[in-house]
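Notes follow once the structure below has been shown.
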Amino acid sequence: MSAIVVENLKKYFNGIKAVDGVSFEVEEGEIFALLGPNGAGKTTTVRLLTCQIKPTEGKASVFGYDIVKEGNKIRKLIGIVPQERALNELLTAEQNLYFYGMLYDLPKRQIKRKIDELLPIMGLEHRRKELVKNFSGGMKQRLSIILALLHEPKLLFLDEPTTGLDPQARRHIWKFIREINDKGTTVFLTTHYMEEADNLCNRVAIIDNGKIIALDKPSNLKRKLEREKIVEIEVDIETDAEKKLLEKLKGIEGIKHLNYSNGILKLFVEDRKGLLLDVIKTLSEKNIKAMATVEPTLEDVFISLTGKRLRD
Ligand SMILES: Nc1ncnc2c1ncn2[C@@H]1O[C@H](COP(=O)(O)OP(=O)(O)O)[C@@H](O)[C@H]1O
Ligand SMILES: [Mg+2]
0 MSAIVVENLK
10 KYFNGIKAVD
20 GVSFEVEEGE
30 IFALLGPNGA
40 GKTTTVRLLT
50 CQIKPTEGKA
60 SVFGYDIVKE
70 GNKIRKLIGI
80 VPQERALNEL
90 LTAEQNLYFY
100 GMLYDLPKRQ
110 IKRKIDELLP
120 IMGLEHRRKE
130 LVKNFSGGMK
140 QRLSIILALL
150 HEPKLLFLDE
160 PTTGLDPQAR
170 RHIWKFIREI
180 NDKGTTVFLT
190 THYMEEADNL
200 CNRVAIIDNG
210 KIIALDKPSN
220 LKRKLEREKI
230 VEIEVDIETD
240 AEKKLLEKLK
250 GIEGIKHLNY
260 SNGILKLFVE
270 DRKGLLLDVI
280 KTLSEKNIKA
290 MATVEPTLED
300 VFISLTGKRL
310 RD
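Residue 0 is where the sequence shown starts when you use numbering that gives the first Met the number 0, and the numbers rise one by one after that.
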């Protein structure tokens, strides 16, 4: 059975097309990511699927239940880790968990059992009685995940679970998400980190301006780019005259896209003899510091599809 089925879902806010006709399915047991830049429509999609807002058009179901008509059934089956954390900083970790569990009407015994089970998995066992205000960002996020798991949901939504965390804290969260998934929970997460989608997820939907522009396994998304080569050139382009060189490069036969940012020029090129020579000639007055052909990443997939970077 599919965990989520979405058909032509739309959400407009006074003319702003936050979600603009998306369709996809998430299988039970998957880790599925919605990858896209700020403002792409990720949070709105999560709020629709978790029955917090109603669609303008289209439909979606979670475990077969309609998101508009059967919200009460859905809410029991899903856990939500929102983009903005909802922890009480003046309570301890344990107090937060009891408070939240009681809001969910869970028996005290079940709350205790889940706390005893989840705190060690999330590496927070020794912090159980500490005030949340003393927690690091990564610890708060881990506690938010435990909150969302107290009622044993079959499907967990995580909205940008590692935004703002350092790389080590991020890898911790990834490990915990994998463990939760191994134990049978389906995971739907949003992210603007391509490494996160690439490392963690079975399938990735790339979303931009409210529309899904690609959906596949990370390896397949990257393989589609393999017919193109990606050349990275380290070069400074600052003056207007230098910027004109970029226009000139775009005119070279075989160059499909280019993107310049922070001293790195990325060229997406076809395999054509003599092409690199043309590039070097065009940039000749400039000091090319280094040049290399690189393997495509999901970020490159995004640039190739949209012409812009995920974090522009
Ligand atoms: N309640 C709202 N009212 C008006 N516009 C909104 C509202 N929620 C989101 N938007 C707009 O919808 C677009 C998508 O937002 P969002 O889903 O939060 O994107 P993301 O989570 O990918 O950053 C943005 O342009 C945002 O400003
Ligand atoms: Mg968001």
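Built from N, CA and C at the ideal position, the CB exists for glycine as well.
Remember, it's a predicted structure, so these values are computed and weren't measured experimentally.
According to DSSP, residue pairing for GLU231 in a beta bridge involves LYS265 and ALA291. Not a single heavy atom of ligand 1 lies less than 7 Å from the C-beta of LYS288. Per DSSP, reduced to three states, the secondary structure at VAL21 is strand.
Counted as a single uninterrupted DSSP element, the stretch harbouring THR42 is not any beta strand (DSSP E) but the alpha helix (DSSP H) occupying residues 41-48. Looking only at ALA17, SER60, ASN13 and LYS16, the smallest Cα-Cα distance to ALA2 is reached by SER60.
Here the distance from the Cβ of GLN82 to the nearest heavy atom of ligand 2 is below 7 Å.
Taking C-beta separations shorter than 8 Å and ignoring five residues to either side along the sequence, the partners of GLU178 in its chain run ILE120, following chain order.
A distance criterion of 7 Å places the beta-carbon of THR42 in contact range of ligand 1, judged by its closest non-hydrogen atom. Nearest in C-alpha terms to ILE79, of all of LYS265, GLU298 and PRO152, is PRO152. Using a cutoff of 7 Å, the CB of ASP239 does not count as near ligand 2, since none of the ligand's heavy atoms is closer than that.
Apart from sequence neighbours up to five positions away, the residues of its chain that approach GLY70 with a beta-carbon distance below 6 Å are CYS50, ordered along the chain. In the structure shown, ASP270 falls within a coil segment according to DSSP collapsed to helix, strand and coil.
For ILE212, the enclosing beta strand (DSSP E) begins and ends at 210-215. Taking every protein chain shown into account, the CB of SER135 has fewer than 16 other CB atoms within 10 angstroms, so this residue is exposed.
Straight-line spacing of the CA atoms in ILE114 and LYS249 works out to 58 Å. At the C-beta level, ILE236 and LEU244 come within 8 Å of one another.
Residue state for GLU246 is assigned as helix, using DSSP reduced to three classes. At a threshold of 7 Å, ASP197 does not count as near ligand 2, since its beta carbon sits no closer than that to any of the ligand's heavy atoms. With respect to the C-alpha of GLU83, the residue from TYR99, PHE267, LEU157 and LEU199 having the closest C-alpha is LEU157. When the alpha-carbon of VAL300 is set against those of LYS216, ALA168, ARG112 and THR55, the nearest one is in LYS216. Every beta strand (DSSP E) stretch that sits fully inside the segment 77-130 and reaches 3 residues is listed by chain position as 77-80.
Less than 8 Å divides the Cβ of GLY35 from the Cβ of ASP207. As DSSP reads the structure, PHE12 sits in a beta bridge with ILE15.
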